[in-house]
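According to my numbering, the sequence shown is numbered sequentially starting from 50. Report on the following structure.
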Amino acid sequence: MNIRTFFWKTVIATKTTKTHENLGRLFLCFFVLLVATNAQAIESRSDDPYYSAVIMEAGSGRVLWEDHAGAEAYPASMTKLMNVFVVLDDIAAGKILIDEPVQIDRATEQIGGRQVWLREGEVFPLEELIYATLIHSANDAATALAVRASGSKTAHAERMNAKAREIGLTSSFFHNVHGLPPGPGQLPDVSSALDMARLADALLTAYPGITKYTSQSFRDFREGTPVKLTSSNKLLRSVEGCDGLKTGYFRDGGFSITATAERNGVRIIAVVMGCKSADTRNQWAERLLERGFVAVNATR
């Protein structure tokens, strides 16, 4: 039982007919438990279905509900949203073309994790790499985008951090362009549920066409011997109006999602981070999207 549940079930729910002595004992127990667990705030949430979560109304940026939303957490592959944001900025500025050919280098071929098996010397239209990055969460495609836009992964990560500051993210720092777990001597990407919601809101505002990519559950990649791009965002098929955006997972960070849906001109963003399973992540994201629509529609 976490500290919040203990308080409500043990203190607030205590009947007023109890003696002052019993109430005093209860408050003393609560105080001792609070002190004992204060230094282990993250661990105290181990019984919760998620680490942090937030519901936001897109466009206004209004937070409709949050739980631990400002706490730092690992975004994992949701990092790719910021990668693509920077690439889309370059396309909008005319620095690169969405249909220009991108040649794959050796370093990109050697990226691990989920990928589309890019090979050195292959050439793909830049937009196809965006599809692979956002639908399939392909780490090699994300790397190819970064290298084309910024010359190197390091330079692109620096631009991602500059973009984070530009749009007002306060808890985010990106060390890589794809969200893979850090190797020896490396640091992980960090963000928060609130920052990921702000990122999603800024991305959807600047480039509403992003859902062209994030709304697709499947797509073929590469002619001849295609790879089937497969989205891990199951809400695309289960939630009315859901058209994005990105899931994330690695062991230490748990299962996370930045989800969005639009109905009758209302767009809701829900972020859930640090779930113990993909099913739990999906169930809570769906629940929070629905809560968001109820909250907004109740005030219209």
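Each residue gets a CB set at the ideal place from its N, CA and C atoms; glycine is no exception.
Closest residue to residue i among the options (Cα-Cα distance)
i    : options                : result
Y123 : Y100, S240, I318       : S240
M127 : G217, G314, T182, R208 : T182
R316 : A251, T203, F134       : A251
K261 : D292, G273, F270, K283 : D292
I145 : G108, A195, A187       : A195
S326 : F299, E339, V343, T309 : F299
F304 : N282, T192, H117       : N282
I318 : Y180, I140, G110       : G110
L248 : V112, M131, D97, A102  : M131
E289 : N313, N225, P231       : N313
P275 : A190, P233, V165, Y180 : V165
D269 : Y180, L167, P257       : Y180
I259 : P233, D97, D96, T309   : T309
G161 : V226, D97, L285        : V226
S101 : P230, D138, P233, A246 : A246
C-alpha gap between residue i and residue j, whole angstroms
i    : j    : result
Q265 : L253 : 16 Å
R155 : R214 : 32 Å
S287 : T279 : 16 Å
S221 : D244 : 7 Å
G119 : A242 : 6 Å
H205 : V151 : 16 Å
G302 : G217 : 23 Å
V135 : T219 : 18 Å
P237 : K202 : 15 Å
A142 : S199 : 14 Å
R336 : E169 : 43 Å
P174 : R163 : 20 Å
R208 : T329 : 33 Å
T348 : Y99  : 28 Å
T296 : H185 : 10 Å
V133 : E115 : 26 Å
T307 : G228 : 14 Å
F342 : E311 : 9 Å
E149 : T263 : 21 Å
E121 : H224 : 15 Å
R197 : A344 : 42 Å
I153 : A125 : 24 Å
V103 : R271 : 37 Å
Y96  : L338 : First, the amino acid is wrong: residue 96 is Asp here, not Tyr. Each residue's Cα considered, the two are about 22 Å apart.
L167 : P233 : 25 Å
P231 : Y256 : 30 Å
Exposure label - residue i; buried when at least 16 CB within 10 Å
i    : result
N331 : buried
E177 : buried
A211 : exposed
V320 : buried
E106 : buried
G323 : buried
F267 : exposed
I147 : exposed
W352 : The requested residue 352 is not part of the displayed model; the chain covers only 50 to 349.
Q235 : exposed
T157 : buried
N188 : buried
V172 : exposed
K129 : buried
Three-state secondary structure assigned by DSSP to residue i
i    : result
G217 : coil
R340 : helix
V239 : strand
F80  : Per-residue confidence for F80 stands at a pLDDT of 36, beneath the threshold of 50, marking its modelled position as unreliable; no derived number is given.
W114 : strand
S126 : helix
A249 : helix
I259 : helix
E106 : strand
D148 : coil
I317 : strand
R168 : coil
D154 : coil
Strand pairing of residue i, partner residues [DSSP]
i    : result
P98  : Paired residue(s): none; P98 is not in a bridge.
S305 : G297
F223 : DSSP output for F223 lists no bridge partner at all.
T279 : F267
R312 : V315
F173 : V151
M131 : According to DSSP, which records beta bridges pairwise, M131 is partnered with nothing at all.
Residue-level contact to chain B via CB, residue i, 9 Å cutoff
i    : result
D292 : Here there is only one protein chain, and chain B is not present.
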